[in-house]
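Sequence lines, in order, name chains E and A.
Heads up, the first sequence is in the working numbering, so the first residue is 3 and it goes up one at a time.
Heads up, the second sequence is in the working numbering, so the first residue is 1427 and it goes up one at a time.
We put the beta carbon where it would ideally sit given N, CA and C, even for glycine.
Note that the structure is a prediction, hence the values are computed from the model and not measured.
Reading through the structure tokens given below for one structure.
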Amino acid sequence: MKRDRLIGAVLLVVALSAISGLALIAAFIFREGVPIILRVGAGQFFLSTDWEPSLGHFGILSMLGGSLAVTLGAAVIGIVFSLGLAIVLTQFAPPGLAAALKPAIELLAGIPSVVYGFVGVVTLVPLIRHALGGPGLSVLAASIVLGIMILPTITSIAIDALQAVPRSYVEGSIALGATRWQTVTMVLLRAARSGIVAAVILGMGRAIGETMAVIMVAGNALALPHSLLDPVRTLTSNIALEMGYASGDHRQALFATGVTLFVIITLLNTAALAVSRRRAGRRRVG
Amino acid sequence: MANTRFAFRALGVTIAAVLICAGCGKASGRSVSLLGSTSIQPFAEVLAEQYTKKNPGHFVEVQGGGSTAGLQAVDNGLADIGMCSRELTAEETRQFTRILIARDGLAIVVNADNRVAKLSIEKIRALFAGRLTNWREVGGQDGPVRPITREEGSGTRESFVRLVMGKERISRRALTQESNGAVKELVKGDPAAIGYMSLGLVGKEIGAVAVEGAQPTTDNVLAGRYTLVRPLLFVSKGAASPAAQSFVDFVLSPAGQRLLEKEGLVRAR
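The structure is reproduced here in structure tokens:
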């Protein structure tokens, strides 16, 4: 009994020190980044597209727009392919195929992002440049690369959500005379909706935080994109590109960019958590 | 995600700092640490290799990080010598000892298929500022101009801004790449591209244009005809340590300077 309590206390200390590391990092980013936002003015910082640190101009709207465009593009690609995969693997594929495909998709998550970026630069970028025009380094290239990168995240969570739908729903639907496809669209996807939404949000969180691959294929121009073929710079790329040299206000402004990312990702993760909790709550009631 | 990334960065910096400090511990006698510009880094590595071959028992440690990071490292005592690929500011000149080890031409590069072979500085400025947007306007084939620049804070970029842009700003639509190699790769593949990079690293697959009528060659840089030239500097705080001084002497010696010339740079004097 006494020993139990001791072990409990030790584990609590270990757990708290892990979390306090996170808290320290968060506190550090905010301490370094928030003052410059206040000094420049939040309106100026978030709504100006003029980023010229050497002249003291710190406006991150172009980067916000860039991150948004690239993340939405990745989400569209991710949703289409991941949902397709998840439905095929849980409903239509023979068990042998599913058993082979699932680990293959999970393997995608293990490939380092610089490899995705490199493959993108070597194959995708010239393809876009020749087929569609523009510099090739573009929103489109970044969206496709990121879309593939977030595929494993969305697919595996979506599979869990689809598998969590009680068998009786499917059986009931089939018994009522619905086809397999009708059952999928009208019953399964609806019942698993909140899990799928959570999967997509988590995938977007990963997309917006990705850095290396995006630097390599997005072109990093400082203007807001007008088309899918325009180059963009994301929030993460901006930090990674400039942190090596930055000092003074410039360094703080990069931390402020980090604060912005931190808040966006926290919001996305909270949203994902809230959505999946609602699902759990509803299942208990039903 | 971003927060774990920051955690890893912080961890990386800590480990690097510990390693560097471990380096200075054993350093005292015969080891020299260099940190700074990634434009100088490859040349410093070649120099270090030759130096340690000639002086067994001496160690030279070379790290990148950027010109400004190099100056900070010297200021903090984390490195003996900072490598800086741009001119020092007035304040930095007061703070550090400046040693010119070589000069490097800044090449204005275009795709191999681009017919434009010479440009005035005025035209280059207009192309990078986004005022001229079609290659036809400077004697090339009809088609858009895509300027490629380096990231804010790069020594190459600062030199380009000082030598070419002056008060004018580089277009915000310019693509931004984070190394000489990436600029080269892009120019190689894109007929519309124009970029700037270290003359020593241009190679044969892309074209470097004549500026104000002077071809970008080592001879023209030496004779002062090619004017886009930047200094490559070693920087120390106060007097260099004996070990560091010995390495600097080697770099400035005829043998060291020949080595740099062979690698595509222009000698200091």
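Does A:GLU1548 pass the burial test, meaning 16 or more other C-beta atoms within 10 Å, or should it be called exposed?
Label assigned to A:GLU1548: exposed.
Any Cβ of chain E within less than 8 Å of the Cβ of A:ALA1543?
Chain E, which has no Cβ nearer than 8 Å to the Cβ of A:ALA1543, makes this no.
Compute the beta-carbon to beta-carbon distance between A:VAL1692 and A:LEU1648, rounded to the nearest angstrom, for a pair I have assumed lies under 8 Å.
Right, the Cβ-Cβ distance comes to about 6 Å (below 8 Å), so this counts as a contact.
Check for me: the alpha helix (DSSP H) holding A:TYR1622 runs from which residue to which?
Note, A:TYR1622: premise wrong, no alpha helix (DSSP H); beta strand (DSSP E) at 1619 to 1624.
Take E:ALA193 and list the residues in its own chain whose beta-carbon comes closer than 7 Å to its own, dropping the five residues that flank it on each side.
Excluding positions up to five away in sequence, the list reads VAL167, TYR171.
Can you check DSSP and say which residues form a bridge with A:ASN1560?
A:PRO1570, per the DSSP bridge assignment.
Can you grab the Cα-Cα spacing for the pair A:ILE1525 / A:SER1667, in whole Å?
Cα-Cα distance, rounded: 14 Å.
Would you mind stating whether E:ASP232 and E:SER140 have Cβ atoms separated by less than 8 Å?
Going by C-beta atoms, E:ASP232 is nearer than 8 Å to E:SER140.
When the Cα of E:LYS104 is compared with those of E:MET65, E:GLY211, E:LEU49, E:ASP162, which residue comes out closest?
Of the listed residues, the one whose Cα sits closest to E:LYS104 is E:ASP162.
Name the DSSP beta bridge partners of A:ILE1534, please?
In DSSP, A:ILE1534 forms a bridge with A:TYR1622.
Would a C-beta distance cut-off of 8 Å place A:GLY1492 and E:GLY246 closer than the cut-off?
Cβ atoms of A:GLY1492 and E:GLY246: closer than 8 Å.
Which whole-angstrom value is the C-beta distance of A:LEU1686 and A:PHE1522, which I expect to be below 8 Å?
Wrong, their Cβ atoms sit about 21 Å apart, outside the cutoff.
Find the residues of chain E that neighbour A:ASP1616, judging by a C-beta separation of less than 8 Å, and give them in chain order.
Those are ARG131, PRO137, GLY138, listed as they occur along chain E.
Is the region 39 to 47 of chain E touching the region 59 to 66 of chain E, taking contact as three or more C-beta pairs under 8 Å?
Output reads yes: the region 59 to 66 of chain E touches the region 39 to 47 of chain E.
Exposed or buried, E:SER229, counting other C-beta atoms within 10 Å across all chains shown (16 or more means buried)?
Per the 10 Å Cβ criterion, exposed.
Flag A:GLY1579 as yes if its beta-carbon sits less than 8 Å from any beta-carbon of chain E, otherwise no.
Judged by the 8 Å Cβ criterion, A:GLY1579 is in contact with chain E.
Please report the distance separating the alpha-carbon of E:ARG195 from that of A:LEU1589.
Spanning the two alpha carbons is a distance of roughly 59 Å.
Counting only C-beta atoms, is E:GLU244 closer than 8 Å to chain A at any point?
At least one chain A Cβ lies under 8 Å of E:GLU244.
Name the one or two DSSP bridge partners that A:LEU1658 has.
DSSP, once it has assigned bridges, lists A:ALA1528 as partnering A:LEU1658.
From E:ARG235 to E:GLY221, what distance separates their C-alpha atoms?
Rounded to whole angstroms, E:ARG235 to E:GLY221 spans 7 Å at the Cα level.
Curious, which full-length alpha helix (DSSP H) runs of at least 4 residues does the region 70 to 125 of chain E contain?
Within the region 70 to 125 of chain E, the complete alpha helix (DSSP H) runs of at least 4 residues are 97 to 110, 115 to 121.
From the DSSP output, read off the bridge partner residues of A:LYS1544.
The partner list for A:LYS1544 (beta bridge, DSSP) reads A:ALA1636.
Taking a Cβ distance cut-off of 8 Å, strictly less, list which residues of the region 1466 to 1496 of chain A are near chain E, in chain order.
Residues GLY1491, GLY1492, SER1493, THR1494, ALA1495.
Are there three or more Cβ pairs, one per stretch, closer than 8 Å when the region 249 to 259 of chain E is compared with the region 21 to 38 of chain E?
Contact holds: three or more Cβ-Cβ distances are below 8 Å.
On the premise that E:GLY136 lies in contact with E:MET218, defined as a C-beta separation below 8 Å, what is that separation, rounded to the nearest angstrom?
With a Cβ gap of about 17 Å, E:MET218 and E:GLY136 do not count as contacting.
On the CB-based measure, 16 or more other CB atoms within 10 Å of its CB, does A:SER1624 come out buried or exposed?
The residue in question, A:SER1624, is buried, as its Cβ has 16 or more Cβ neighbours within 10 Å.
A:LEU1601 versus chain E: which residues are under 9 Å apart at the beta carbon?
Going along chain E in sequence order, the residues near A:LEU1601 (Cβ under 9 Å) are PRO137, LEU139, GLY221, ASN222, ALA223, PRO233.
For chain E, check one thing: does any of its Cβ atoms lie closer than 8 Å to the Cβ of A:SER1454?
In this predicted model, A:SER1454 has a pLDDT of only 47, less than 50, meaning its place in the structure is not dependable enough to derive any value.
Taking C-beta pairs closer than 7 Å, name the residues in chain A that E:PRO55 reaches, listed in chain order.
Going along chain A in sequence order, the residues near E:PRO55 (Cβ under 7 Å) are GLU1578.
Identify every run of the alpha helix (DSSP H) within the region 144 to 188 of chain E, keeping only runs that are complete inside it and at least 4 residues long; order them along the chain.
Counting whole runs of 4 or more residues, the region 144 to 188 of chain E contains the alpha helix (DSSP H) stretches 169 to 177.
Please report the straight-line C-alpha distance between E:ILE21 and E:ILE31, rounded to a whole angstrom.
The straight-line gap from Cα to Cα measures roughly 16 Å.
Since I believe E:THR51 is in contact with E:LEU226 (beta carbons under 8 Å), could you give me their beta-carbon distance rounded to a whole number of angstroms?
Contact flag correct, Cβ pair sits at about 6 Å.
Should A:LEU1659 be labelled buried (16 or more other beta-carbon atoms within 10 Å of its own) or exposed?
A:LEU1659 comes out buried.
Apart from the five residues on each side of it in sequence, which residues of its chain come closer than 7 Å, Cβ to Cβ, to E:ILE152?
Same-chain partners within the cutoff: ALA76, GLY80, GLY205, ARG208, ALA209.
Going by C-alpha to C-alpha distance, which of A:ILE1534, A:THR1582, A:GLU1518 sits closest to A:ALA1636?
Measuring from the Cα of A:ALA1636, the nearest candidate turns out to be A:ILE1534.
Express the C-alpha separation of A:PRO1617 and A:GLY1565 in angstroms, rounding to a whole number.
Computed Cα separation, rounded: 15 Å.
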